[in-house]
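Remarks on the structure that follows.
Numbering (my numbering), first residue to last: 17 to 519.
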């Protein structure tokens with residue numbers, strides 16, 4: 017029943033369609049472990065690359081599969097199915113991102129396509145890491161792919177989320193196997209075949225790509241692992257403007273793929289009359305702005321006294337860790353804290369620290385800090401959406417009260433905030449009771465509020481311990497709407513969840 021079929025029986029073709037750098041080669045490795053499958057790549061995309069200057073899809077595998085060399089090879093080896101990875105390509109000049117991989121309903125019926133969808137933020141980060149910089153090409157790929165996915169509403173197409181696949185590969189691959197008529201084997205998730213050794217290639221060029229050249233480190237992660245890898249590196253290469261553009265054009269389409277998880281989260285968030293947010297590194301780029309201000313101030317010290325800048329940075333970092341251990345819960349002003357830190361640096365190197373010099377340094381830090389403030393991707397739009405829903409907003413954050421008040425105003429979000437709660441004002445840290453103190457002050461219960469923060473130890477754990485529904489803004493991690501706590505990598509995704517309409 018599960019063994020090789022008759023040599024005379026034509027194998028069936030199955031396609032999965034993906035944007036490049038979405039995990040499609042991982043699926044090739046998984047199905048290469050099945051003894052019933054031939055795994056190949058880009059028959060539609062690359063079929064015409066040797067035909068002079070012609071850049072067009074090659075539909076021969078769909079129109080006349082029995083005559084295709086891959087089909088003949090699979091039949092001769094007794095395989096039941098041909099599993100083909102179809103990427104949309106990233107070459108703007110050739111128009112590959114606009115290729116129509118599945119031109120007709122009959123093609124859908126024959127190939128039973130699975131659309132592999134990965135968060136476009138992570139995909140473009142991977143693109144930039146290998147030198148692919150065209151964001152419009154990425155957007156074209158996604159729009160084309162979603163159009164194909166939703167082209168025939170009455171026909172059961174399948175969407176496989178990469179973020180679900182890496183967290184629960186057995187469940188997700190079982191679903192794909194059921195759709196394709198492939199018996200699921202647990203051994204498919206334990207890679208024994210050397211990378212590329214069992215792939216069947218339509219051209220020498222395609223073989224060289226996987227087995228010889230491996231340009232740009234395209235297959236580094238999938239080649240090095242023996243199973244599905246959860247923690248794929250994030251390179252942090254996108255600007256907030258790039259994130260905003262991606263979320264504006266395809267973010268809602270991606271969120272739609274989470275289906276019931278979106279509806280569940282939306283229902284929870286809509287019933288909460290209050291929204292809480294951390295401030296630093298949740299609503300704005302605190303590390304970036306404070307780093308710029310610190311560097312500017314230390315550069316001035318180095319310029320004045322000739323002390324090496326690396327030495328000043330090392331000492332400042334040590335002092336910062338020591339001086340901020342109490343999370344600013346002792347009630348001092350921001351200028352008191354900064355004076356202490358820079359005075360300690362000057363004292364360590366036996367440098368002068370008269371009042372005039374210190375005043376100049378503190379002014380330089382403040383001016384540079386305020387000029388460097390930058391909202392996180394989607395922050396303003398999310399706050400606006402929350403207020404439009406009639407909700408109240410509280411900021412629960414560490415830091416000096418005066419500095420955080422100036423930050424809120426400098427970011428232009430003061431009008432959205434109903435209450436600003438700091439560890440400095442309440443004289444208690446996040447891990448030692450800030451959350452219940454703020455709830456008591458506001459006269460609300462944990463069930464009245466949803467909270468968003470970036471730090472697992474100082475935001476998620478203490479807030480959830482109080483029974484507050486919390487969402488983790490984890491910019492370096494994968495989206496996970498079905499985990500506890502739910503995890504997003506931009507605030508725009510929360511806005512998409514709030515505005516989601518079930519089609």
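Quick reminder that beta carbons are idealized off the backbone N, C-alpha and C, glycines included.
Proximity winner among the options, relative to residue i (alpha-carbon distances)
| i | options | result |
| --- | --- | --- |
| residue 313 | 284, 355 and 281 | 355 |
| residue 539 | 333, 419 and 325 | There is simply no residue 539 to check, as the chain begins at 17 and stops at 519 in what is shown. |
| residue 504 | 430, 395, 152 and 403 | 395 |
| residue 216 | 98, 306, 282 and 154 | 98 |
| residue 80 | 37, 126, 103 and 94 | 126 |
| residue 163 | 506, 135 and 131 | 131 |
| residue 359 | 378, 315 and 326 | 378 |
| residue 362 | 397, 315 and 342 | 315 |
| residue 196 | 365, 464 and 96 | 96 |
| residue 209 | 491, 54 and 498 | 54 |
| residue 427 | 179, 298, 114 and 509 | 298 |
| residue 41 | 134, 124, 29 and 86 | 134 |
| residue 385 | 300, 400, 239 and 157 | 300 |
| residue 328 | 261, 367, 204 and 252 | 367 |
| residue 181 | 498, 512 and 466 | 498 |
| residue 278 | 511, 219, 188 and 34 | 511 |
| residue 139 | 517, 493 and 514 | 493 |
| residue 502 | 517, 516 and 468 | 468 |
| residue 291 | 77, 416, 101 and 436 | 436 |
| residue 86 | 104, 58 and 179 | 58 |
| residue 309 | 383, 459, 243 and 458 | 383 |
| residue 348 | 258, 406, 141 and 440 | 440 |
| residue 115 | 106, 122 and 280 | 106 |
| residue 159 | 254, 34 and 341 | 34 |
| residue 296 | 77, 424 and 129 | 424 |
| residue 236 | 442, 496, 73 and 142 | 142 |
| residue 304 | 357, 252 and 289 | 252 |
| residue 78 | 515, 60, 369 and 137 | 60 |
Backbone secondary structure at residue i - three-state DSSP
| i | result |
| --- | --- |
| residue 204 | helix |
| residue 386 | helix |
| residue 34 | strand |
| residue 101 | strand |
| residue 57 | strand |
| residue 428 | coil |
| residue 148 | coil |
| residue 503 | strand |
| residue 20 | At residue 20 the pLDDT is 48, less than 50, meaning the model places this residue with poor confidence and gives no usable figure here. |
| residue 209 | coil |
| residue 300 | strand |
| residue 371 | helix |
| residue 71 | coil |
| residue 358 | helix |
| residue 49 | coil |
| residue 267 | helix |
| residue 515 | coil |
Burial state of residue i, where buried means 16 or more other Cβ atoms lie within 10 Å
| i | result |
| --- | --- |
| residue 276 | exposed |
| residue 317 | buried |
| residue 500 | exposed |
| residue 264 | exposed |
| residue 322 | exposed |
| residue 15 | Absent from the model: residue 15. The displayed extent of the chain is 17 to 519, so no value can be given. |
| residue 246 | exposed |
| residue 481 | exposed |
| residue 203 | exposed |
| residue 330 | exposed |
| residue 302 | buried |
| residue 397 | buried |
| residue 325 | exposed |
| residue 457 | exposed |
| residue 399 | buried |
| residue 255 | exposed |
| residue 206 | exposed |
Counterpart residues of residue i in DSSP-defined beta bridges
| i | result |
| --- | --- |
| residue 469 | 488 |
| residue 175 | 131 |
| residue 496 | 503 |
| residue 197 | None; residue 197 has no bridge partner. |
| residue 415 | Answer is none; residue 415 lacks a bridge partner. |
| residue 292 | 410 and 467 |
| residue 438 | 413 |
| residue 391 | 300 |
| residue 520 | Residue 520 is absent from the structure shown; the chain starts at 17 and stops at 519. |
| residue 215 | 55 |
CB contact check: residue i to chain B, cutoff 8 Å
| i | result |
| --- | --- |
| residue 45 | Absence of chain B from the displayed structure is noted, only one protein chain being present. |
The ligand MN heavy atom lying under 7 Å from the CB of residue i
| i | result |
| --- | --- |
| residue 305 | The ligand content of the structure shown is nil, which means the ligand MN is not present either. |
Do the stretch 406-415 and the stretch 319-338 touch if we need at least three Cβ pairs shorter than 8 Å? no
Determine contact between the stretch 474-488 and the stretch 446-454, defined as no fewer than three beta-carbon pairs at a distance below 8 Å. yes
When you compare the stretch 249-264 with the stretch 142-154, are there three or more beta-carbon pairs, one atom per stretch, that lie closer than 8 Å? yes
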